[in-house]
Ligand code: SAH
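Residue numbers (our numbering): 1285 to 1546.
Dropping the structure here:
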């Protein structure tokens, strides 16, 4: 465990979690409570978390800033010997654009560390009260997205990923539901009957859940008016919620012994 974080002159990349301010880690919260400079991603980080910063803490929203402007703030803070926090939504390592920031800090000779966060997938699963891995149905979770302005490598086109089946968690894609459904069907494993759940702003007070199948989800999401800030879960695990016939796990099977139970 890292002692007394953040250190002066260091940047901590902190996962803010999905929205509910109580879903930040204890370590992330302590970092905010000691921060002297905070740069937060205003589009999805709950501003209530900023109430945790000490008075006098310098707070910047990165939404209107470009990379160089963000870096300038981080680097100037560190060079002034301050404790700097870069607060990202969910987990910083997933669609967080932190690699480019870390590379620039390396080049500037500035130390940094990353504190993980609860990603949107797990907030969505919690809201749905749905396990994403069920014995005999799916033991694989794929976190991916459709190509938007940010391209996706050819080998990872959604139809190719969908050909593996399993449970899919789709970020940054709810604004393209028709394309998404067409790509998932083109994989040849999912069908019009495959269950889908869309969770808008999981863990926020205005959270919304829309459920259906690949045949009707695009229409339902359209009717709900959801065009952004939503996570899409796809796969047979979701049908266990309606029919309640999931196979029992081995972990708690009385006839199954393991390291903690003979
Ligand atoms: N680092 C973040 C993802 C950032 S990309 C994480 O780990 O969650 C932004 C996308 O994440 C959004 O377009 C949406 O697909 C998803 N997202 C982030 N927060 C969400 C939330 N509270 N509910 C549903 N989806 C969310």
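Don't be surprised by glycine CBs; every beta carbon is placed ideally from N, CA and C.
Complete runs of the beta strand (DSSP E) confined to the segment 1402–1479 [at least 3 residues]: For the segment 1402–1479, the full-length beta strand (DSSP E) segments reaching 3 residues or more read 1425–1429 and 1451–1455 along the chain.
Residue 1478 versus residue 1504 - alpha carbon distance: Distance between the alpha carbons of residue 1478 and residue 1504: 15 Å.
Would the beta-carbon of residue 1323 fall within 9 Å of that of residue 1344? yes
For the beta strand (DSSP E) holding residue 1385, just list the boundary residues, first then last. No beta strand (DSSP E) contains residue 1385, which is instead part of the alpha helix (DSSP H) from 1383–1391.
Using the DSSP secondary-structure output, state which residues sit across from residue 1497 in a beta bridge. 1479
Per DSSP, residue 1492 is paired with what? Note: residue 1492 sits in a beta bridge opposite 1484.
Please report how far the alpha carbon of residue 1429 lies from the alpha carbon of residue 1354, in whole angstroms. Cα-Cα distance, rounded: 25 Å.
Between residue 1304 and the rest of its own chain, which residues show a CB-CB distance below 6 Å, the 5 nearest in sequence each way excluded? 1487
Would you say residue 1457 touches the ligand SAH, meaning its beta carbon is less than 8 Å from a heavy atom? yes
Secondary structure at residue 1363, three-state DSSP: helix, strand or coil? When secondary structure is reduced to three states using DSSP, residue 1363 falls in the helix class.
Tell me whether residue 1466, by its Cβ, gets closer than 8 Å to a heavy atom of the ligand SAH. Remark: the shortest separation between the CB of residue 1466 and any heavy atom of the ligand SAH does not fall under 8 Å.
Sequence-distant residues of the same chain with beta carbon closer than 7 Å to residue 1511, five excluded per side: 1458 and 1459
Measuring from the CB of residue 1426, is there a heavy atom of the ligand SAH at a distance below 8 Å? no
Using DSSP bridges, identify the partner residues of residue 1540. Residue 1540 is not bridged to any residue.
Checking 9 Å against the spacing of the C-beta atoms, do residue 1309 and residue 1400 come in under that value? yes
Start and end residues, beta strand (DSSP E) containing residue 1269: Look at the range of the chain in this structure, 1285 to 1546, and you will see that residue 1269 is not part of it.
Count the C-beta pairs between the segment 1484–1499 and the segment 1468–1476 that are closer than 8 Å, then say yes if the count reaches three, no if not. yes
Could you check if residue 1411 is buried or exposed, using at least 16 other CB atoms within 10 Å of its CB as the buried criterion? buried
Do you know how far the Cα of residue 1419 is from the Cα of residue 1536? Distance between the alpha carbons of residue 1536 and residue 1419 is about 12 Å.
Report yes if the CB atom of residue 1451 is closer than 9 Å to the CB atom of residue 1518, and no otherwise. yes
Could you tell me if the beta carbon of residue 1515 falls within a distance shorter than 8 Å of some heavy atom in the ligand SAH? yes
Could you say which of 1544, 1377, 1349 and 1362 lies nearest to residue 1321 if we only look at CA atoms? 1362
Can you tell me which of the three DSSP states residue 1308 falls into? Coil.
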